[in-house]
Amino acid sequence: MAARTKSAKDRPSYRCTECGWTTAKWLGRCPECQAWGTVE
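So for the sequence shown, our numbering puts the first residue at -4; every next one is plus one.
Below you can see the structure in the form of structure tokens.
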């Protein structure tokens, strides 16, 4: 029996509301534009 692997759809995605940078991990500060509290 094959193990099910997680796809991109299964993982949470976070996006910076200032510059649009995306990541799978929530961060308090966007590493791209350095804005605080914009990763949602």
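Backbone N, C-alpha and C fix where the C-beta goes; we use that ideal spot for every residue, glycine too.
Asked                                                                    : Found
Distance between beta carbons of C14 and V34, contact taken as under 8 Å : With a Cβ gap of about 10 Å, V34 and C14 do not count as contacting.
Reduced DSSP secondary structure (H/G/I, E/B, other) of C11              : strand
K20 versus E27: straight-line alpha-carbon distance, rounded             : 14 Å
Per-residue DSSP class, three states only, for T17                       : strand
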